[in-house]
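S.K.:
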Amino acid sequence: MSNEPVFAKVALIGIGLIGASMAHAARRAGAAGRIAGYSPSAEERALASRIGFADSLHDDLASCVQDADLVVLAAPVGAFAGIARTIAPALKAGTILSDVGSVKSAVLRDVSPHVPEGVHFVPAHPIAGTEQSGPGAGFAELFDNRWCILTPPDGADAAAVEKLKTFWQRLGSQVETMDAHHHDLVLAITSHVPHLIAYNIVGTADDLSAVTKSEVIKYSAGGFRDFTRIAASDPTMWRDVFLNNREAVLEVLGRFSEDLSALQRAIRWGDGDALFNLFTRTRAIRRGIIDAGQDMAAPNFGRNTK
Ligand code: NAP
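Using the numbering used here, the letters of the sequence shown correspond one by one to residues 4 to 309.
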C-alpha cells in the first residue's frame, strides 16, 4: 500500500472517540497531509491540543473545512443537518463530504439537501467503537480489521467512493458498500437493539436495587456486568441513533418480543429441548464471530479476572 497521503487536508467535525481515532489512524498510516478538528467545547479542544492528533483545532466550522479535500461529520447524528447547512458555503468543488454516523437513511435525508454542486457526498459507518467518548478515548488501532460500510447514494461519483474506500483501508478497515436502508436494518439487529436491551436491563436492575439493597452491584457477575459496559455508552449519541433509525429498530424489536415470548413459554412449560436447541444455535454464532476475527476467543473477553 502507498505511503502517500490520500487527502491533502482532512477536516473532522467532532473529535470524540471516532474523530480522534480517525486522526490517530490517519497519522499512523500517513493517509492525511493535514488534519483539522472542530469541537464546540473549549475543554475538548484543549485536551485534543495536549494529545496532539490534529494540526489545527477550530471553534468555527467554516475555518475547519476550508480547503479540505475530505470533510467527515463525526458528531452525534442529530446535529448533522445543522452542521451541513453551515459548512456548505465553505466547501470547495471536488471535496468529498462523508460522515461516521451509526444510521444511514436519516443521514442521507438530512445532509443531501445541503450538499453543494460539485461536492461528493459519500456516507460511511465504521463498525468499531467502545463505550468511551471524548478526544482522550481515541486510539489508532480502533478500526484495525473492522468493517467500514459505505452507503453512497444513487449516482455517486465512483472515483470519490473509491478514494474514500482507500482512505478507510489505510486506517486499517475492511470496506463494504451497501444501500442505506439495508445498512439500517442490519445494524438495528447487530448493534442498536442490543444497546436498547442493555439500557433496559440495567435500568430495570437499578429500579430493583431499591428492593435488593445494592446487591445488584455487589454480585454483578459476567452477564450483567457486560450489559453495564454497553449501557455506559454515550447518551446523546444513542438517543440520536434511536430517533433516527426508528422503523428498522421497531421492526427488529417486534421480532425480538415474539421470540422472547416463545422463550417465556418454554420456561413456563418446562420445554428444555426448546431452550437447549436455541442455546446451541447461539453458541455456534459466537464461534462464527471469533472465526471471522471480529472478537477474541479468550475467556471473559480477555479480561484479567484476578
Ligand atoms: P463522542 O466521543 O461523544 O464525540 C462527539 C463529538 O462531536 C465531540 O467532539 C462533540 O463535542 C462533538 N459535537 C457534539 N455536538 C456537536 C454539534 N452540535 N456540532 C458539532 N460537533 C458536536 O462521540 P463518538 O462516539 O465519537 O460518535 C461520533 C459519531 O460516530 C456519532 O454520529 C456516532 O453515531 C458515530 N459512531 C459511534 C460509534 C461508537 O461506538 N461510539 C461507532 C461508530 C460510529 P462536545 O463534546 O463538545 O459536545
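From the three backbone atoms N, C-alpha and C, an ideal C-beta is built for every residue, glycine too.
For a quick check, are the C-beta atoms of residue 178 and residue 166 less than 7 Å apart?
M.R.: For residue 178 and residue 166, no; Cβs fall outside 7 Å.
S.K.: Please name the residue, chosen from 162, 155 and 191, that lies closest to residue 180 on a Cα-to-Cα basis.
M.R.: It is 155.
S.K.: Hey, could you find the ends of the alpha helix (DSSP H) residue 40 is sitting in?
M.R.: No alpha helix (DSSP H) holds residue 40; the beta strand (DSSP E) holding it covers 35 to 41.
S.K.: So does residue 187 have its beta carbon nearer than 6 Å to some heavy atom of the ligand NAP?
M.R.: Not so, every heavy atom of the ligand NAP lies at least 6 Å from the Cβ.
S.K.: Should residue 144 be counted as a contact of the ligand NAP given a C-beta to heavy atom distance under 6 Å?
M.R.: For the ligand NAP, not one heavy atom lies less than 6 Å from the Cβ of residue 144.
S.K.: With residue 245 as the anchor, note down where its alpha helix (DSSP H) starts and where it stops.
M.R.: Residues 238 to 247.
S.K.: Taking only three categories from DSSP, how would you classify residue 74?
M.R.: Residue 74 falls in the strand class under three-state DSSP.
S.K.: The ligand NAP and residue 40: does the residue's C-beta get closer than 6 Å to at least one heavy atom of that ligand?
M.R.: The answer is no for residue 40.
S.K.: Measuring only from the beta carbon, is residue 191 closer than 6 Å to any heavy atom that is part of the ligand NAP?
M.R.: Not under cutoff, so the answer is no.
S.K.: Between residue 183 and residue 241, what straight-line distance do the alpha-carbon atoms span, to the nearest angstrom?
M.R.: Each residue's alpha carbon lies about 18 Å from the other.
S.K.: Within the same chain, show all residues whose beta-carbon is closer than 6 Å to that of residue 126, passing over the 5 residues directly before and after it, in chain order.
M.R.: Excluding residues within five positions, the ones whose Cβ falls inside 6 Å are 102, 107, 110 and 154.
S.K.: Looking at residue 56 and residue 78, is the spacing between their C-beta atoms short of 7 Å?
M.R.: Going by C-beta atoms, residue 78 is not nearer than 7 Å to residue 56.
S.K.: Considering only DSSP beta bridges, list what residue 15 is partnered with.
M.R.: Paired residues: 40 and 75.
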